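First comes the structure, then the notes that go with it.
Number of protein chains: 2
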Amino acid sequence: MTLLQTQDQSGLPQSARALRGVRDLLLSGEIGPGERLAELALVERLGLSRTPVRAALAHLAQEGLLEALPTGGYSARRFSQADVVDTIELRGTIEGLALRLAAERGADPALMREAEATLDEIDAALDRAPGAAGVDTYARLNSRFHVQLAALSGSEAVRRELERVMALPFAQPSALLDAQAKLPRFDLTLINGQMQHHAMLEAVRMREGARAEALAREHARLASRNVSTVVADAGLARHVPALTLVRADAAETVE
Amino acid sequence: MTLLQTQDQSGLPQSARALRGVRDLLLSGEIGPGERLAELALVERLGLSRTPVRAALAHLAQEGLLEALPTGGYSARRFSQADVVDTIELRGTIEGLALRLAAERGADPALMREAEATLDEIDAALDRAPGAAGVDTYARLNSRFHVQLAALSGSEAVRRELERVMALPFAQPSALLDAQAKLPRFDLTLINGQMQHHAMLEAVRMREGARAEALAREHARLASRNVSTVVADAGLARHVPALTLVRADAAETVE
DNA sequence: CTTCGAGCGAGTGTATACATTCTCGCAAGC
DNA sequence: GCTTGCGAGAATGTATACACTCGCTCGAAG
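This is the structure we're talking about:
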């Protein structure tokens, strides 16, 4: 289970603490969707001065987590299920581009070996602890694999863009795994995902650009499966950081 | 021809002036690729205080125009031809996603009519002044059309992402038109582009998602045609804002 | 009782002073 | 003569005081 543990921040610059601090408040749900963030209140809660807090707010607004209010100031952005599904589709599309470019232009052999090594580790992990038991290990390796995919493209522009899309917590490859682990036949989902992983690298190796692209897209759709089920389950959503940002549709009317 | 005219900024907040001011310095080439931006120097040049200038620098860094130096401070990012080509490919890919979603999910009829109206205007403009003569009008209408395309998707997530990618000046649909207008048979390029515009809307109307997507991608590639030719021509590059950011490959070694 | 206006308070926008770190140059010692 | 260390300067990072705007409340007049 992923927990938000605010780790030791000694030595970190104030601006980094502010960024972490505000982001944690949002992801932990302490600040709910739509809620306004007053600078002075944050200054008090985080024990910092206004300057770094202000910088953090501006940063998070550009990142998409906050919304700039017309009168000034910011509020926590409200995300809908459609936002989650579309953002994951977006990630799949750009990962598809990355893999197509890797296939067409040829991927760096060293990077290919690194990605393959990660898949070997996932194979071993799934063998050792299949299903929900090994979800933590799977999540960690899966995230690493997706970072390696972005690098395979050989394009700095594409790599940066992928990084940026994944700044939204629910767009990250392993974001919803903790919640989905409670769903039936979860073990098969993981195994299916890993088969797609292997196929993606094979397609790149064989220079099959269209296949690699299609696989990347379909793979991303695994992540958006059952989004509505997971979001609707308040018990789940509360403990999955990425989902605290999403208002269940029922609560949409209430303010 | 597009010129950077610093217009009246009275009434604008200092932070907006700072953002405009620094961006103009970069796009006009007054600050060249790789050059470091010292806060105090900018404060003097722009006649503002450090706070808004500092905010502008942080903003532009996240936007991708600046690069954060490890020691602190920022430098103007150096873009390669590959960055330009890949970023345009990225735009085409995301516009492809937008059109596919529009086709599959059905686009808002009102938005469709607005986009069609823009195409009618482009038709008229091309009829009146074909080729390089009407490039300014074409550029303006073309930009509007691409904004309307993003809206057709009906997805806020996709629309936002497109907006963000186009924050890089050379990713904008009409960015290189001024320079390309000097190339042979430019009039045919415009006409070809407009035919693709019509085909894109038709595909959306007919719910042909794959066709709409493919068209969007191919259409973006019109923009990256002859990038190397255009970048290599120093006379052209100097007066096209988007190209002052790109170092010609020959100059790459010099510092 | 309702409505309009003035004053007050909260909050953001801006400027600037202070702290800290990094760099560059010079000088001294090996 | 080269290297190393110390110091001055300049740059960024941070804190805080001041300015200004918006919104709310309270009071008075119609």
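Quick mapping for you: the protein sequence lines, in order, are chains F and A.
Count along the first sequence from 1, add 3, and you get the number used in the working numbering.
Count along the second sequence from 1, add 3, and you get the number used in the working numbering.
Built from N, CA and C at the ideal position, the CB exists for glycine as well.
Note that the coordinates shown come from a computational prediction; the quantities given were computed from them, not determined experimentally.
In the DSSP annotation of this structure, the continuous segment of the alpha helix (DSSP H) that includes Leu191 (chain A) starts and ends at 189-208. The beta-carbon of Ala61 (chain A) is placed less than 8 Å from the nearest beta-carbon of chain F.
The residue from A:Ser18, A:Glu33, A:Ala21, A:Leu22 with its alpha-carbon nearest to that of Pro244 (chain A) is A:Glu33. Gly137 (chain F) is classed as buried because its beta carbon has at least 16 other beta carbons within 10 Å across all chains shown. Per DSSP, Ala71 (chain F) is not a residue of any alpha helix (DSSP H); the beta strand (DSSP E) it occupies stretches across 69-71. Scanning the segment 7-47 of chain A from its first residue to its last, the whole alpha helix (DSSP H) runs of 4-plus residues come out as 17-30. Not one beta carbon of chain F lies nearer than 8 Å to the beta carbon of Thr74 (chain A). Within a 10 Å sphere around the beta-carbon of Arg57 (chain F) sit 16 or more other beta-carbons, which makes this residue buried. For chain A, the residues of the segment 148-159 of chain F that bring a beta carbon within less than 8 Å of one of its beta carbons are Ser158, Glu159, in chain order. Here the segment 204-218 of chain A makes no contact with the segment 165-182 of chain A; the two share fewer than three CB pairs at distances below 8 Å. Taking 8 Å as the upper bound on Cβ-Cβ separation, chain A lies near residues Ala85, Asp86, Asp89, Thr90, Glu92, Leu93 of the segment 68-95 of chain F. Rounded to whole angstroms, Pro73 (chain F) and Glu159 (chain F) show a C-alpha spacing of 35 Å. Per the C-alpha coordinates, the member of F:Gly75, F:Gly95, F:Gly157 positioned closest to Ala105 (chain F) is F:Gly157.
Nothing from the segment 183-217 of chain A brings a Cβ to less than 9 Å from some Cβ of chain F. Taking a C-beta cut-off of 7 Å against chain F, the contacting residues of the segment 99-121 of chain A are Leu100, listed in chain order. The way I'd put it, the segment 228-237 of chain F does touch the segment 180-197 of chain F; three or more beta-carbon pairs between them come closer than 8 Å. Apart from the 5 residues on each side of it in sequence, Gly99 (chain A) sits with its Cβ closer than 6 Å to the Cβ of Glu216, Ala219, Arg220 in its chain, given in chain order. By the beta-carbon neighbour count (other beta carbons within 10 angstroms, threshold 16), Ser177 (chain F) is buried.
In terms of beta-carbon proximity, Glu124 (chain F) stays away from the interface with chain A, with every pair separated by 8 Å or more. Within the segment 56-143 of chain A, the complete beta strand (DSSP E) segments of 3 residues or longer fall at 69-71, 77-79, listed in chain order. About 3 Å separates the CB atoms of Ala223 (chain F) and Gly95 (chain F); that is less than 8 Å, so the two are in contact. When Cβ pairs closer than 8 Å are counted between the two stretches, the segment 117-135 of chain A is seen not to touch the segment 185-194 of chain F, the count staying below three. Counting of Cβ neighbours within 10 angstroms places Met198 (chain A) among the exposed residues, the total staying below 16. The beta-carbon of Glu164 (chain A) is placed less than 8 Å from the nearest beta-carbon of chain F. Against Ala58 (chain F), the close residues of chain A are Ala61, in the order they occur along the chain (beta-carbon pairs closer than 7 Å). Contact check for Gly75 (chain A) against Arg39 (chain A) fails: the beta carbons are separated by 8 Å or more.
A direct Cα-to-Cα measurement between Leu144 (chain A) and Glu124 (chain A) gives close to 8 Å. For Gln65 (chain F), the nearest beta carbon of chain A is closer than 8 Å to its own beta carbon. Residue pairing by DSSP puts Val249 (chain F) in a beta bridge opposite F:Phe82. Excluding its 5 nearest sequence neighbours in each direction, Gly196 (chain A) has C-beta neighbours in its own chain below 6 Å: Leu225, listed in chain order. Interface with chain F (8 Å Cβ-Cβ cutoff): Val234 (chain A) is excluded. Contacts between Val249 (chain A) and chain F, judged by CB atoms closer than 9 Å, are missing: the closest CB pair is about 12 Å apart. Proximity to Leu22 (chain A) across A:Arg53, A:Leu63, A:Arg48, A:Ala44 peaks at A:Leu63, based on C-alpha coordinates. In terms of Cβ geometry, Met203 (chain A) and Leu102 (chain A) form a close pair [threshold 8 Å].
A residue is called buried once 16 or more other Cβ atoms fall within 10 Å of its Cβ, and Pro55 (chain A) is buried on that count.
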